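Below is one structure; the comments refer to it alone.
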Amino acid sequence: MGHHKKGPGVKKAKKLSTRIDLTPMVDLGFLLITFFMYTTTLAKPKTMEINMPYKDEKMTEEQKSKVKESTALTILLSKDHRVYTYEGIGSDPTKPPELKPVSIAKNTTALRNIIISKKDAVEKLKQSGVLTPTDNIVILIKPDTTSTYKDIVDVFDEMTINDVKVYAKVDITAQDRDFISLTEQANSAVK
844 MGHHKKGPGV
854 KKAKKLSTRI
864 DLTPMVDLGF
874 LLITFFMYTT
884 TLAKPKTMEI
894 NMPYKDEKMT
904 EEQKSKVKES
914 TALTILLSKD
924 HRVYTYEGIG
934 SDPTKPPELK
944 PVSIAKNTTA
954 LRNIIISKKD
964 AVEKLKQSGV
974 LTPTDNIVIL
984 IKPDTTSTYK
994 DIVDVFDEMT
1004 INDVKVYAKV
1014 DITAQDRDFI
1024 SLTEQANSAV
1034 K
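With the working numbering applied, the sequence shown corresponds to residues 844 to 1034, in that order.
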């Protein structure tokens, strides 16, 4: 008797399972697709925005440039997976910046260490009162035509890994190219 009761019960469950309408799943799928499409396209421009850390109208141009220089780090991408970094933005042609050559051929550890030490330096300036608490590290990324797309992607990845809030890809200037060639000449002379 117990077996007969179980049999029809199983059949009934099978009948119920065939009645499940999966049509709304299509709507749900499209809803999710459109949601992710909208959110990802909205998030893209934020990475390319540059907000310089000063907003105070009372500051003089000289004070602004000092603040800008102390928070800024410039990364020049050159040939042979070579990267050159220097403090500030290199705005003074009479005082060429000291370029640090870094290779990112195998990994970006050396570049990461430079970014971390710059972040630490900015934090110390904030604590000493030279910079305001709202000031943050600003990184300018300047790829040369000789650099590879992979290197650019690797450098941008470093921004995300090191939680750099303000960074931007900027066109490399003729002055920056001069800085690179001077550094290359100096390095070859040492060798």
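From the three backbone atoms N, C-alpha and C, an ideal C-beta is built for every residue, glycine too.
From a predicted model like this one, the values you see are computed outputs, not experimental measurements.
As computed with DSSP, GLU966 is found in no beta bridge at all.
Between LEU920 and VAL998 the beta-carbon gap is near 6 Å, inside 8 Å, which marks them as a contact. Nearest to LYS949 by alpha-carbon distance, out of GLU930, ILE932 and ARG925, is ARG925. Here PHE1022 is not near PRO944, since their CB atoms are 8 Å or more apart. Per DSSP, GLU930 is one residue of the beta strand (DSSP E) stretching across 925-930. Under the three-pair Cβ rule at 8 Å, the stretch 950-963 does not count as touching the stretch 986-993. For THR1003, the enclosing alpha helix (DSSP H) covers residues 992-1004. GLY931 counts as buried, since no fewer than 16 other beta carbons sit within 10 angstroms of its beta carbon. Of all alpha-carbon atoms in ASP978, PHE873, THR1003 and THR882, the one lying nearest the alpha-carbon of ALA915 is that of ASP978.
Under the three-state reduction of DSSP output, THR975 falls in the coil class, being neither helix nor strand. Counting of Cβ neighbours within 10 angstroms places GLU966 among the exposed residues, the total staying below 16.
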